[in-house]
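Each step along the sequence shown adds one to the number in UniProt numbering, with nothing skipped, and position 70 is 70.
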Amino acid sequence: MNPIVEFCMSNLANGSQKTLEALEKDPNIDVLEYGCLSYCTLCAEGLYALVNGEVVEADTPEELTERIYQFIEENPLF
1 MNPIVEFCMS NLANGSQKTL EALEKDPNID VLEYGCLSYC TLCAEGLYAL
51 VNGEVVEADT PEELTERIYQ FIEENPLF
């Protein structure tokens, strides 16, 4: 089972699109997009994604990508 990374469409528009595009190239990660993930405060404050149901935040798309990979490494599914 692959890690699941979920993005909010509004947050993609705010800048996390680059992270989504980078993660979609990784066959070991399942990437999903939703209209809203109901984290509106986080969405307004910066970039974020849900990784296996946990919030991962960052200020830049590059930092978000790095933090997502770090989270996956530190929190294996098995």
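Glycine included, every Cβ here is placed at the ideal spot set by N, Cα and C. On a predicted model such as this, the values are computed, not experimentally measured, just so you know.
Take Thr65, set aside five residues on each side of it, and the residues of its chain with a beta-carbon closer than 6 Å to its own are Thr19 and Ala22, in chain order. Here Ile29 really is in contact with Pro3; their C-beta atoms are around 5 Å apart, less than 8 Å. The beta carbon of Ala58 lies closer than 6 Å to those of Leu47, Leu64 and Arg67 in the same chain, with the five residues before and after it left out. Residue pairing for Ile4: DSSP places it in a beta bridge opposite Asp30. In this model, Ala44 and Asn11 are separated by some 8 Å (Cα to Cα).
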